[in-house]
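In the numbering used here, the protein residues as written are 354 to 533.
C-beta: ideal position from N, C-alpha, C; glycine also.
Below, the structure is given as structure tokens:
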């Protein structure tokens, strides 16, 4: 039995959740998100709560029960409060700046890297080395942060690159000159 699926999703004031057949729509002050529901679960709204129930006792229904509930909870929280991910840039001469819907990055390459932000994701840059991504869609925000980090992954030898603010990079010792 799913411990997460048993709990209802509480809908806060200012958020409107509509269930139309196999589609759940959440609309709030930060935007609107939609999600299609798997055929093995049923979603129902009762007052300010949204309940997810499995349609059967087979494994896929039990798996999708908790997953669907968690995704709906992320949608409701995203349109009411939003999410943010912080990234840091380390390296001499490495920096970033926002230009409209793009981030221009100097990452030690021979040319600046232009990273286009998808719709629904905003970026704030402090001190040219700290990037804060904000948005209402948790999955899109995480995917954008992962793509941004992949432009220059943190180097364990020199410590250069783009990393998450709470990420710890284990440093490695390089080659020793004249070691035998």
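For residue 468 and residue 392, I'd like the C-alpha separation in whole angstroms. Along the chain shown, one-based indexing puts residue 468 at 115. Along the chain shown, one-based indexing puts residue 392 at 39. For residue 468 and residue 392, the distance between alpha carbons rounds to 37 Å.
Roughly how many angstroms separate the alpha carbons of residue 489 and residue 497, rounded to a whole number? Here the question's residue 489 lines up with position 136 in the chain shown. Here the question's residue 497 lines up with position 144 in the chain shown. If I take the Cα positions, the gap works out to 13 Å.
Identity of the residue in 369, 365, 528, 480 nearest residue 539 by Cα: Only positions 354 to 533 of the chain appear in the structure, and residue 539 is not among them; the question remains open.
Which of helix, strand or coil DSSP assigns to residue 511: The count along the chain shown starts at 1 and reaches residue 511 at position 158. Correct three-state label for residue 511: coil.
Is DSSP giving residue 377 helix, strand or coil here? Here residue 377 is taken as the residue at index 24 of the chain shown, counted from 1. If DSSP states are grouped into helix, strand and coil, residue 377 belongs with the strands.
Would you mind working out which of 435, 402, 444 sits nearest residue 383, comparing C-alpha positions? Here residue 383 is taken as the residue at index 30 of the chain shown, counted from 1. Per the Cα distances, 435.
Have a look at residue 365 and residue 381 and give me their C-alpha separation to the nearest angstrom. Here residue 365 is taken as the residue at index 12 of the chain shown, counted from 1. Here residue 381 is taken as the residue at index 28 of the chain shown, counted from 1. Cα-Cα distance, rounded: 10 Å.
Using the Cβ count rule (16 or more neighbours within 10 Å means buried), how would you classify residue 430? Counted from its first residue, the chain shown places residue 430 at position 77. So residue 430 counts as buried.
Identify whether residue 480 lies in helix, strand or coil by the three-state DSSP scheme. If you number the chain shown from 1, residue 480 lands on position 127. Of the three classes helix, strand and coil, the one that applies to residue 480 here is coil, per DSSP.
Look up residue 455 in the DSSP assignment and say whether it is helix, strand or coil. As a working note, residue 455 is residue 102 in the chain shown. If DSSP states are grouped into helix, strand and coil, residue 455 belongs with the strands.
Near residue 432, which residues of its chain fall below 8 Å by C-beta distance, leaving aside the five closest residues on each side in sequence? Within the chain shown, the letter at position 79 stands for residue 432. Contacts found: 368, 379, 380, 381, 382, 383, 384, 385, 386, 489.
Can you tell me the Cβ-Cβ gap for residue 394 and residue 406, rounded? I've got them flagged as a contact below 8 Å. As a working mapping, residue 394 is identified with position 41 in the chain shown. As a working mapping, residue 406 is identified with position 53 in the chain shown. Confirmed, Cβ separation roughly 7 Å.
Every unbroken alpha helix (DSSP H) within the region 387–442, with a cutoff of 4 residues, ordered by chain: 412–433
Going by beta-carbon coordinates alone, are residue 475 and residue 458 separated by less than 9 Å? Start at 1 with the first residue of the chain shown, and residue 475 comes out as number 122. Start at 1 with the first residue of the chain shown, and residue 458 comes out as number 105. No.
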